[in-house]
Structure formats: C-alpha cells, structure tokens
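Residue numbers (our numbering): 201 to 539.
The beta carbon of each residue, even a glycine, is placed where N, CA and C say it ideally should be.
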C-alpha cells in the first residue's frame, strides 16, 4: 500500500529511505542515511528535461518511461536490499511523479508499506533551514589554534554534556592545515543536512557546547542563522601558552605527509612572510615539527585575536589554563562556567 507522510513523521520512523533522484542531485545533498536508487541517470534526467521544455510534457513522459522500463526488475532487487522487510520511505525532489511511480511499482511487487514524503526532499531542506533559525542555549568555546578545543568537547560529551562538533561534521579542522588526513568534504548543503540530524539528537532546552568557528570551515559554510547565534553568544576563551599548544599540533600533524604540510605552509606564505615560510619549510624537512608549529602559531594567533577583538568585550570571558590536558580543562570549565 502507498501512503503519504509529512517530513517530521518520516524522520521519526525507523524505516529505510530510498531517494529516487538522479546521482548528481543526491550527491549535492540528501537525507543522511538515505540510499540512492535513481529513476534516471544524470544524462537521462537532462534529456527528459530538454524534451519537456522543447517539445511537450507528454513526449517527456514517453521518453522517461523508455528509460525506466528496462530497470523495473533492478529497482525491485535494489529496494529489497535496502528494505528486506518490504517497508520503506520513498522520495524525490518534490514528492512528484518520480517518487509516486517508484512507490507504486514497489507496492505492486510485494511491498506492504511504501510511504512517500509529502513535498519530497524540498520539504526536508525547508525543515533543516527552519531548525537553525530557532534560538538555542549555546556555550561557545574559543581559544587559539592548538588549544585542544575539540578534545575538550568530547571530554564534556563523555561526562554527560551536549556538544556539536562542527569540524568533525565538516571533515575539516578549519585552517590551511585543516583538510590534511581528513575525509573528502561534502557540499555545504550536505553539511547542513548532517548537522541537522546531529542537532535532532539534542535537547534544545539544555546548553549546547560548540566550538568558536569562522563562517567557513574549509569549503563548507555554517548555516548563517546559527553562525549569528554563535557570534552573539558569550565566548569562553581558553588562553593556553603557545609552547603548550605547539606540542598538541605536533601530536596531530607529525605523522602526516610532509608534502601536504609543505603545501599548507605555501597557502599561508603571504601572511607568514617570505623568511618565516622558508624557515618553516627548512625545519619541516629536518623533521623539527615543533619549530614549524611555533612559526604557524605566530600567524594563527594574530588572526584569531583579530577576530576575537571584533566581539563586544563583555561577550568574551578569558579563562587562563596552563596545559592542554583536555580532561582537566573540561573539568575546570564546568566549574567556572554557569550552566
């Protein structure tokens, strides 16, 4: 049986989701966890669209049917792999002909429950963006590069606090070196989708710890309404000595490929200055990673401080810490910051 369901209900169900849009549409952004079984390939979709515009909707439908007909058995086989219990949610872009036809085909071939999302992926995107416009109780954790902020977040999570790891979701640590040894970055749209799913796991009434970030994390952007809330919130700036922070950078990057590290140094060469760039690369080739880290921190500390100074002074609380011991630092933060 085919039925229709709102996106909020669909997300609350523990059912597999099939996205029948083209591979290109799916790659740009999709509901996390959904499986792509495209009705049309990218090329087929483009051809159907051209016929629709240049000839008629009827001709486009005929062409689309000719593309789909040889795949009907494949659709059933793939859908059974996704939903062996024969209960599934299906969607396309707007809940239109693609998802309706696919759902009907499943229903006619033994699937007991096929739910089509009203409004399709478009309704999911609207729901995602509306979520980030709501007000939240954010505790923004700031600090110079190498302060171990991400480690602190996960220690806080271990001890029962709510956190969002923006850099983890973005697959990027937020600097010229941030993409090294990280998985491929998705699109901003997919980053928003993934962030939304994590956000749904939290209690919006309770504090949410989040790291201070620029609007851009590598190639993806934080949803602007959320970013604005982060900028308006009090930032708790942990001030750790530079020499201690250099040690954590050595731990994070010493095992990385030197060619990638050198490329990252070249990317910030204008701000480092020619002499510092040359010294950093020489020290890198010698394996003196601590010296490289100290040079890089000279640049990053200035940049972060410049951004911090743009905030209202009464919205910045500085918390001096002696080391990068994340367990100890997390404990101190919970003792100092009112929750």
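Cβ-heavy atom distance, residue i to the ligand FAD, below 7 Å
i: residue 264; result: Looking at this structure, you won't find the ligand FAD or any other ligand, since it has none at all.
Euclidean distance between Cα positions of residue i and residue j
i: residue 370; j: residue 297; result: 33 Å
i: residue 263; j: residue 448; result: 59 Å
i: residue 466; j: residue 280; result: 50 Å
i: residue 270; j: residue 276; result: 12 Å
i: residue 382; j: residue 428; result: 27 Å
i: residue 379; j: residue 305; result: 43 Å
i: residue 424; j: residue 415; result: 8 Å
i: residue 375; j: residue 352; result: 19 Å
i: residue 540; j: residue 333; result: Residue numbering for the chain in the displayed model covers 201 to 539; residue 540 lies beyond these limits and cannot be assessed.
i: residue 206; j: residue 451; result: 47 Å
i: residue 294; j: residue 229; result: 14 Å
Beta-carbon contacts of residue i that lie in its chain and below 7 Å, excluding the five residues immediately before and after
i: residue 209; result: none
i: residue 355; result: 526, 527 and 530
Sequence-distant residues of the same chain with beta carbon closer than 6 Å to residue i, five excluded per side
i: residue 444; result: 523 and 524
i: residue 342; result: 412, 435 and 437
i: residue 339; result: 407 and 409
i: residue 226; result: 219 and 236
Identity of the residue in the options nearest residue i by Cα
i: residue 166; options: 368, 477, 504 and 317; result: There is no way to answer for residue 166, as the model of the chain reaches only from 201 to 539.
i: residue 463; options: 328, 537, 350 and 480; result: 480
i: residue 514; options: 494, 432, 306 and 362; result: 432
i: residue 318; options: 498, 307, 303 and 351; result: 303
i: residue 335; options: 537, 426, 372 and 278; result: 426
i: residue 473; options: 498, 385 and 493; result: 498
i: residue 243; options: 268, 493, 222 and 429; result: 222
i: residue 403; options: 496, 377, 362 and 372; result: 362
i: residue 405; options: 539, 295 and 330; result: 539
i: residue 543; options: 386, 364 and 350; result: Residue 543 lies beyond the stretch modelled for the chain, which goes from 201 to 539, so this question has no answer here.
i: residue 265; options: 240, 256 and 278; result: 240
i: residue 384; options: 368, 246, 470 and 396; result: 368
i: residue 260; options: 273, 272 and 245; result: 245
i: residue 387; options: 224, 446 and 207; result: 224
i: residue 504; options: 536, 537 and 439; result: 439
i: residue 470; options: 482, 483, 496 and 460; result: 496
i: residue 329; options: 273, 366, 396 and 537; result: 396
i: residue 494; options: 446, 258 and 357; result: 446
Proximal residues to residue i (C-beta, below 8 Å), its chain only, five neighbours per side dropped
i: residue 501; result: 344, 345 and 442
i: residue 516; result: 342, 434, 435, 437 and 508
Next item on the list: Check whether the stretch 520-538 touches the stretch 476-493, counting contact only when three or more Cβ pairs, one atom from each stretch, lie closer than 8 Å.
Entry: Segment contact: the stretch 520-538 against the stretch 476-493, fewer than three CB-CB distances shorter than 8 Å; contact not assigned.
Notebook entry, point to check: Curious, which full-length alpha helix (DSSP H) runs of at least 4 residues does the stretch 448-496 contain?
Noted result: Within the stretch 448-496, the complete alpha helix (DSSP H) runs of at least 4 residues are 458-467, 469-472 and 474-486.
Next item on the list: Just list the beta strand (DSSP E) runs in the stretch 378-429, keeping only unbroken ones of 3 residues or longer that don't cross its boundaries, in chain order.
Entry: Secondary structure within the stretch 378-429: the beta strand (DSSP E) runs of 3 or more consecutive residues, fully enclosed, are 408-411 (chain order).
Next item on the list: Could you tell me which uninterrupted beta strand (DSSP E) segments, each at least 3 residues in length, are contained entirely in the stretch 341-374, listed from first to last along the chain?
Entry: Runs of the beta strand (DSSP E) inside the stretch 341-374: 362-364.
Checklist line | the stretch 499-517 touching the stretch 454-466, judged by at least three CB pairs closer than 8 Å | finding: Short answer: they don't touch.
Check: Touch check for the stretch 318-326 and the stretch 242-252: three-plus C-beta pairs under 8 Å?
Finding: Fewer than three pairs of CB atoms, one per stretch, sit closer than 8 Å, so the stretch 318-326 makes no contact with the stretch 242-252.
Next item on the list: List in chain order: all unbroken alpha helix (DSSP H) runs of 4+ residues lying wholly within the stretch 221-293.
Entry: Counting only runs of 4 or more, we get 223-228, 242-254, 257-268 and 272-282.
Next item on the list: For the stretch 386-394 and the stretch 412-426, state whether three or more C-beta atom pairs, one from each stretch, are separated by less than 8 Å.
Entry: The stretch 386-394 is in contact with the stretch 412-426.
Margin query: For the pair the stretch 214-232 and the stretch 288-295, tell me if three or more CB-CB distances fall below 8 Å.
Written below: As far as the Cβ criterion goes, the stretch 214-232 touches the stretch 288-295, which means the pair count is three or higher.
Notebook entry, point to check: Between the stretch 280-287 and the stretch 305-318, do three or more beta carbon pairs fall short of 8 Å?
Noted result: With a cut-off of 8 Å on Cβ pairs, the stretch 280-287 is in contact with the stretch 305-318, counting three or more such pairs.
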